[in-house]
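S.K.: The UniProt record's numbering applies: residue 1 is where the sequence shown begins, and numbers increase by one.
For every residue, glycine included, the Cβ atom is placed at its ideal position computed from N, Cα and C.
Note that the structure is predicted; figures quoted are calculated from it, not measured.
Before I ask anything, here is the structure I am working with.
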Amino acid sequence: MATLLQPEVSLSAAAAARVAAIAGKQSKPAILRLSVEGGGCSGFQYRFGLADTVESDDRVAETDGVKLVVDSISLDLVRGAQVDFIDNLGGAHFAVTNPNAASGCGCGTSFSV
1 MATLLQPEVS LSAAAAARVA AIAGKQSKPA ILRLSVEGGG CSGFQYRFGL ADTVESDDRV
61 AETDGVKLVV DSISLDLVRG AQVDFIDNLG GAHFAVTNPN AASGCGCGTS FSV
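Encoded structure:
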């Protein structure tokens, strides 16, 4: 059974609204999966995708009815992080504010610990 994560990882209201809009257009559940993979210019990179279900080893945070799910391995690298959605002149994207990241790259999608 999935375990609630709050406050281990959080989803901002802006990110929740964006996930709900995307999920609605794709007729999918409003579940955003955040995972961490090796690679990127700093060693690790964030991966986002809509999930169809919550897996048994997932940790779950919920904002405004939208779920953020993180697998137990990725959680060690993003514990305490917040996922936000930024929409400005530089573009629109999901962003992670990660207190565990020792450094990051200019694109904001990779980090080192």
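Please tell me whether Ser10 and Ala92 are closer than 8 Å, where the distance is taken between their beta carbons.
M.R.: No, these two residues do not count as a Cβ contact at 8 Å.
S.K.: Assuming Val54 contacts Ile73 (C-beta within less than 8 Å), just tell me the rounded distance between them.
M.R.: Incorrect: roughly 16 Å between the Cβ atoms, too far for contact.
S.K.: Between the Cα of Leu82 and those of Lys67, Leu89, Gly90, spot the shortest distance and give me the residue it belongs to.
M.R.: Checking the sequence, you will find Gln at residue 82 rather than Leu. Measuring from the Cα of Gln82, the nearest candidate turns out to be Lys67.
S.K.: Report yes if the CB atom of Val69 is closer than 8 Å to the CB atom of Ala51, and no otherwise.
M.R.: Yes, the pair counts as a contact, with Cβ atoms nearer than the cut-off.
S.K.: State the DSSP-derived secondary structure class of Val54, mapped to helix, strand or coil.
M.R.: Looking at Val54 - three-state DSSP - the assignment turns out to be coil, as it is neither helix nor strand.
S.K.: Could you say which of Leu75, Gly90, Ala101 lies nearest to Leu34 if we only look at CA atoms?
M.R.: Among Leu75, Gly90, Ala101, the Cα nearest to that of Leu34 is on Leu75.
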